[in-house]
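Undergrad: Okay, here's the structure, questions in a sec.
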Amino acid sequence: MPELPEVETVVRDLREPLVGRCFRSVTCGPHALRGGRLDEVRKSSRGKNVRSVERRGKWIIIDLDGAFLLVHLGMTGQLTVTSAKAPRQNHTHVTWILDAGDTELRFRDIRRFGGVYFFKSRQNLDAHFEKSGLGPEPFDMDPAYWRACLAKTSRSLKAILLDQRVVAGVGNIYADESLFEAGLSPTLLGKNVSSRQADCLRRAVATVLRRGIDKRGSSIRDYVGGSGLLGTYQDEFRVYGRAGEPCRRCRMSIARIRLAGRSTHFCPKCQKR
DNA sequence: ACAGGATCCTGGGGGC
DNA sequence: TGCCCCCAGGATCCTG
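Structure follows, in structure tokens:
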């Protein structure tokens, strides 16, 4: 579910209520998550103070007195701050009770593809990202690096955009929307695009992600921001989820194919192949 | 090197 | 109402 704009929205929402507060106690549900060890998270984050809440790609990073809580939302993850009085929803796997006891940070994840990790130090955190080979943030990506990434591979543009080692934070929705914005077919091979087209796509990705952030992300099924609010970028999709509907630019029917293992939406007329 | 499929899960929607 | 099938903002592993 959540891609960069959704994760960025969560992080911005969590800062105000969390920074400077202390996790007085932590409770966990009975289910294991796909990523992380919940008992370790529970024991280690108890009693710590929140210094900052940041984002890297699709990862949420919470600085706890120099140790780090790392959260990935997977497909259906929700990380929200709510009143302790609000009834706990099903599929809530971790609850951090804040110092005053009237407020809670909750991690809920219906499909349990997400993960919550604890790292003792900045070095351990960096090692985690190093090991996964996480690529650069899309907003300050070096143009030459991006051109080289495309030029050296015969993978499709769609597959490249989804690869977190090339660029961090893009997922299925924003990949499709970026390719429409750039006027390039998702099936084009990296090695076959010109440097001009590569530059165009790089800018399109940044543009589309910024639009997503401005609208507080896309709420299709399960996504909510850190305060529980829905995003509205889904109302502005040009291609994602619009198969069979007319292209907003040329009225041609939007196509849907399976590519890089994901459903892929594009305008056959506006997007060059 | 790359595509495609299966896998981890739960739930919603459509067809019958 | 029930059942079966397909689908889903992610990521990883295996096969051909």
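Counting in this note's numbering, the first sequence runs from 786 upward without gaps. For each residue, glycine too, the CB sits at the ideal point set by N, CA and C.
(1) Kindly identify the DSSP beta-bridge partner or partners of residue 804.
(2) How should residue 997 be labelled, buried or exposed, when 16 other C-beta atoms within 10 angstroms of its C-beta is the threshold for buried?
(3) Shortest alpha-carbon distance to residue 1042 belongs to which of 811, 804, 957, 1033?
(4) Exposed or buried, which one is residue 930 when buried takes at least 16 other CB atoms within 10 Å?
(5) I believe residue 825 touches residue 903 by the beta-carbon criterion, under 8 Å. Please report the beta-carbon distance rounded to the nearest angstrom.
(6) Secondary structure at residue 839, three-state DSSP: helix, strand or coil?
(7) Could you check which residue in 810, 983, 819, 994 has the C-alpha nearest to that of residue 793?
(8) Return yes when the Cβ of residue 975 is within less than 9 Å of the Cβ of residue 953, no when it is not.
(9) Can you give the Cα-Cα distance for residue 938 and residue 873, rounded to whole angstroms?
(10) From this set, 944, 839, 885, 1007, which residue's C-alpha is nearest residue 964's C-alpha?
(11) With burial defined as no fewer than 16 other Cβ atoms inside 10 Å of the residue's Cβ, what is the status of residue 924: buried or exposed?
(12) CB residue 819 to CB residue 898, shorter than 9 Å?
(13) Kindly indicate the opening and closing residues of the alpha helix (DSSP H) around residue 1044.
(14) In whole angstroms, what is the alpha-carbon distance linking residue 829 and residue 842?
(15) Can you give the Cα-Cα distance for residue 1057 and residue 991, rounded to whole angstroms?
(16) Quick one: complete beta strand (DSSP E) runs, 3+ long, within the segment 878-940?
(17) Pick out whichever of 823, 1050, 839, 1003 has its Cα sitting closest to the Cα of residue 1021.
(18) Just checking, does the segment 1006-1019 make contact with the segment 861-879 on the three C-beta pairs under 8 Å criterion?
(19) Rounded to a whole number of angstroms, what is the C-alpha to C-alpha distance between residue 833 and residue 810?
(20) Which of the three DSSP states, helix, strand or coil, is assigned to residue 968?
(21) Taking residue 992 as part of the beta strand (DSSP E), name the residues at either end of that continuous run.
(22) Can you give me the Cβ contacts of residue 813 inside the same chain, cut-off strictly under 6 Å, excluding the 5 residues immediately before and after it?
(23) Given that a residue counts as buried once 16 or more other Cβ atoms are within 10 Å of its Cβ, and exposed if not, what is residue 1015?
(24) Which residue from 970, 855, 1023 puts its Cα closest to that of residue 912?
(25) Thinking C-alpha only, which one of 838, 808, 817 is nearest residue 797?
(26) Measuring only the C-alpha atoms, how far is residue 966 from residue 1036?
(27) Using CA atoms only, rank isn't needed, just tell me which of 876, 807, 1046, 1019 is closest to residue 816.
(28) Alpha carbon to alpha carbon, how far is residue 940 from residue 969?
TA: Per the coordinate set shown:
(1) Residue numbering aside, residue 804 sits at position 19 when the first sequence is read from its first letter. None; residue 804 has no bridge partner.
(2) By one-based count along the first sequence, residue 997 stands at place 212. So residue 997 counts as buried.
(3) Translated into the one-based positions of the first sequence, residue 1042 becomes position 257. The candidate whose alpha carbon is nearest that of residue 1042 is 957.
(4) To locate residue 930, count along the first sequence from 1; it is residue 145. By the 10 Å Cβ count, residue 930 comes out exposed.
(5) Numbered from its first residue, the first sequence carries residue 825 at position 40. Numbered from its first residue, the first sequence carries residue 903 at position 118. Confirmed, about 6 Å.
(6) By one-based count along the first sequence, residue 839 stands at place 54. Here residue 839 sits in strand by DSSP.
(7) The residue you call residue 793 lines up with position 8 of the first sequence. Cα-wise, what sits closest to residue 793 is 994.
(8) If you number the first sequence from 1, residue 953 lands on position 168. If you number the first sequence from 1, residue 975 lands on position 190. Not in contact: residue 953 and residue 975 (Cβ atoms no closer than 9 Å).
(9) What you label residue 938 is simply residue 153 of the first sequence in a count that begins at 1. What you label residue 873 is simply residue 88 of the first sequence in a count that begins at 1. Computed Cα separation, rounded: 47 Å.
(10) Position 179 of the first sequence, counted from the start, is the residue given in the question as residue 964. Closest by alpha carbon: 944.
(11) Here residue 924 refers to the residue found at position 139 when the first sequence is read from its first residue. Counting Cβ neighbours within 10 Å, residue 924 comes out exposed, since fewer than 16 surround it.
(12) Walking along the first sequence from the start, residue 819 turns up at place 34. Walking along the first sequence from the start, residue 898 turns up at place 113. Contact: yes.
(13) Counting from one through the first sequence, the residue named residue 1044 turns up at place 259. From DSSP, residue 1044 is part of no alpha helix (DSSP H) but of the beta strand (DSSP E) over 1040-1044.
(14) In the first sequence, the residue the question calls residue 829 occupies position 44. In the first sequence, the residue the question calls residue 842 occupies position 57. Each residue's Cα considered, the two are about 24 Å apart.
(15) Indexing the first sequence from 1 puts residue 1057 at position 272. Indexing the first sequence from 1 puts residue 991 at position 206. Roughly 20 Å between the two C-alpha positions.
(16) 888-894, 900-904
(17) Sequence index remark: in the first sequence, residue 1021 carries index 236 (1-based). Looking at the Cα atoms, 1003 is the closest of the given residues.
(18) yes
(19) Counting from one through the first sequence, the residue named residue 833 turns up at place 48. Counting from one through the first sequence, the residue named residue 810 turns up at place 25. For residue 833 and residue 810, the distance between alpha carbons rounds to 9 Å.
(20) In the first sequence, the residue the question calls residue 968 occupies position 183. In the structure shown, residue 968 sits in coil (DSSP, three-state: anything other than H, G, I, E or B).
(21) Within the first sequence, the letter at position 207 stands for residue 992. Looking at the DSSP string, residue 992 is not in any beta strand (DSSP E); the run it does join, the alpha helix (DSSP H), is 980-999.
(22) Residue mapping note: residue 813 aligns to position 28 of the first sequence, counting from 1. So the qualifying residues of the chain are 823, 827, 879.
(23) On the first sequence, residue 1015 is found 230 positions in, with the first residue counted as 1. The residue is exposed, with fewer than 16 neighbouring Cβ atoms inside 10 Å.
(24) The sequence position of residue 912 within the first sequence is 127, counting from 1. When each option's Cα is compared against that of residue 912, the closest is 855.
(25) Here residue 797 is taken as the residue at index 12 of the first sequence, counted from 1. Ranking 838, 808, 817 by Cα distance to residue 797 puts 838 first.
(26) Counted from its first residue, the first sequence places residue 966 at position 181. Counted from its first residue, the first sequence places residue 1036 at position 251. Near 16 Å, if we compare the C-alpha coordinates of residue 1036 and residue 966.
(27) Position 31 of the first sequence, counting from 1, holds the residue named residue 816. Of the candidates 876, 807, 1046, 1019, the one whose C-alpha sits nearest the C-alpha of residue 816 is 876.
(28) Numbered from 1 along the first sequence, position 155 holds the residue referred to as residue 940. Numbered from 1 along the first sequence, position 184 holds the residue referred to as residue 969. Cα-Cα distance, rounded: 14 Å.
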